[in-house]
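Q:
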Amino acid sequence: MSRCSAWPRAVACAIILVALIQLFNHELIWLLNRLGLPIHLDSGADRIMDAGFGARRRIEWTKAWEVFKANPWFGVGLGGFGSQSVWMEAYLGLPKVPESWLFTQSHNLIFQLLAETGLVGTSVVVIGLIACTGPYFRKSEQTVDNLLLVSIAMMILGHSMFEYPLWYLPFLTALVLICSLSPAKSYALNLRPGFLRGVSLLVGVACLAYVFTGIGNFWTLVHYSGPTNDAGKTRAGWKRSSLLAATLYGQWKLMVCWLTISTRVEISWR
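Residue numbers (the UniProt record's numbering): 1 to 270.
1. With respect to the alpha helix (DSSP H) encompassing Val-203, which residues constitute its N-terminal and C-terminal limits?
2. Taking the straight line between their C-alpha atoms, what separation do you get for Glu-141 and Ile-178?
3. Would DSSP call Asn-229 helix, strand or coil?
4. Looking at the structure shown, is Tyr-136 part of a helix, part of a strand, or coil, going by DSSP?
5. Assign Ile-59 to buried or exposed, taking buried as 16 or more other Cβ atoms, counted over all protein chains shown, within 10 Å of its Cβ.
6. Have a look at Leu-221 and Ser-85 and give me their C-alpha separation to the nearest angstrom.
7. Taking just the CA atoms, how far does Asn-33 sit from Ala-206?
8. Does any residue of chain D have a CB that is nearer than 9 angstroms to the CB of Phe-195?
9. Grab the span of the alpha helix (DSSP H) containing Val-176 for me, first residue to last.
10. By Cβ distance below 7 angstroms, which residues in the same chain neighbour Val-67 in space, the five residues on each side in sequence not counted?
11. Using a threshold of 9 angstroms, state whether the C-beta atoms of Val-120 and Trp-73 are closer than that.
12. Secondary structure at Leu-35, three-state DSSP: helix, strand or coil?
13. Is Ser-172 near Leu-166, with beta carbons less than 9 angstroms apart?
14. Looking only at C-alpha atoms, which of His-26, Leu-201, Val-18 and Pro-135 sits nearest to residue 272?
15. Under 7 angstroms Cβ to Cβ from Ala-153, same chain only, skipping five residues before and after it: list those, please.
16. Just the Cα atoms here: how many angstroms apart are Ile-130 and Pro-170?
17. Could you name each continuous alpha helix (DSSP H) segment of 4 residues or more that falls completely within the stretch 60 to 119, going from the start of the chain to the end?
18. Expressed to the nearest angstrom, what Euclidean distance is found between the alpha-carbon atoms of Gly-158 and Leu-41?
19. For His-107, count neighbouring Cβ atoms within 10 angstroms of its own Cβ and tell me buried if that reaches 16, exposed if not.
20. Check the C-beta distance from Ile-113 over to Thr-122 and give it rounded, since I have them as a contact under 8 angstroms.
21. In three-state terms, what does DSSP make of Ser-160?
22. According to the neighbour-count rule (16 or more other Cβ atoms, all chains shown, within 10 Å of its Cβ), is Leu-20 buried or exposed?
Now the structure itself:
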């Protein structure tokens with residue numbers, strides 16, 4: 001059997017095994033626990049069948065669609081969905097509890113882009129993705145190596161229909177690399193090696209500076225990431241998060257929304 005005829009069977013077997021593992025996740029975990037391995041995980045099938053999946057995400061998608069209908073061409077701007085979502089919690093008549101932890105993101109790439117960038121921004125992203133990934137499907141480019149890249153891209157984009165992986169740097173970096181490796185027509189620039197080394201060094205230093213300067217801000221966001229009945233902690237959260245307003249990480253309005261509970265009394269203050 002040649003290598004070319006064997007790999008489709010291997011891929012089919014892998015897909016079947018993954019599907020079986022998803023469906024029999026509970027039984028496999030029970031077996032591992034019996035063997036002394038304390039593993040407790042939910043499979044993707046569990047997430048899909050869970051009541052929270054449909055109810056919570058449908059609310060977020062409804063919000064995003066309403067925002068898009070009100071701002072069809074250019075949206076409300078990047079990062080603007082959160083404030084619109086908070087407003088809708090009080091005035092659109094949507095349930096308050098199910099989406100308490102999801103209002104900052106619609107958990108769907110297309111809905112999120114439509115709400116924040118409108119038809120113009122969404123078209124730019126979609127056309128760009130098609131231009132980068134489309135050449136992978138040319139007959140001359142259908143290789144095992146490209147199959148791996150296409151599979152990773154499909155996983156990330158499929159995941160983006162129900163979550164927001166592209167708002168995390170590892171997933172975004174992976175998709176950018178896949179697009180950069182596309183067999184689409186490219187153009188080469190002749191640059192001196194010294195210039196390339198200098199630019200690479202500058203980018204590396206900038207990335208390290210971004211990480212180290214953001215650690216403290218990240219832990220502030222984590223520590224004050226939800227409402228609390230502790231007045232002291234709430235005041236401390238307002239004070240700490242207000243300091244972020246002067247930085248690139250400044251999301252003071254977002255932090256205020258996290259630290260308060262959605263009621264008609266508080267919505268005007270927000």
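The beta carbon of each residue, even a glycine, is placed where N, CA and C say it ideally should be.
A: Reading from the atomic positions:
1. If you look at Val-203, you'll find it in the alpha helix (DSSP H) that goes 193 to 223.
2. 14 angstroms
3. coil
4. Helix at Tyr-136.
5. buried
6. 19 angstroms
7. 45 angstroms
8. Checking the listed chains, one finds no chain D in this structure; it contains a single protein chain.
9. 169 to 180
10. Excluding residues within five positions, the ones whose Cβ falls inside 7 angstroms are Val-76, Phe-81, Gln-84 and Ala-115.
11. Result yes, Cβ atoms of Val-120 and Trp-73 sit closer than 9 angstroms.
12. It is coil, neither helix nor strand.
13. Looking at the sequence provided, one finds Leu at residue 172 rather than Ser. Yes. Within cutoff.
14. This structure cannot speak to residue 272, because the chain is shown only from 1 to 270.
15. Counting only residues of its own chain and dropping the five nearest sequence neighbours on each side, Ala-153 has a CB closer than 7 angstroms to the CB of Thr-133, Leu-175 and Ile-178.
16. 21 angstroms
17. 81 to 91
18. 21 angstroms
19. buried
20. Just to set this straight, residue 113 is Leu in the shown sequence, not Ile. 4 angstroms between Cβ atoms; contact.
21. Reduced to three states, the DSSP call for Ser-160 is coil.
22. Under a 10 Å Cβ-count criterion, Leu-20 is classified as exposed, with fewer than 16 other Cβ atoms of the shown protein chains found around its own Cβ.
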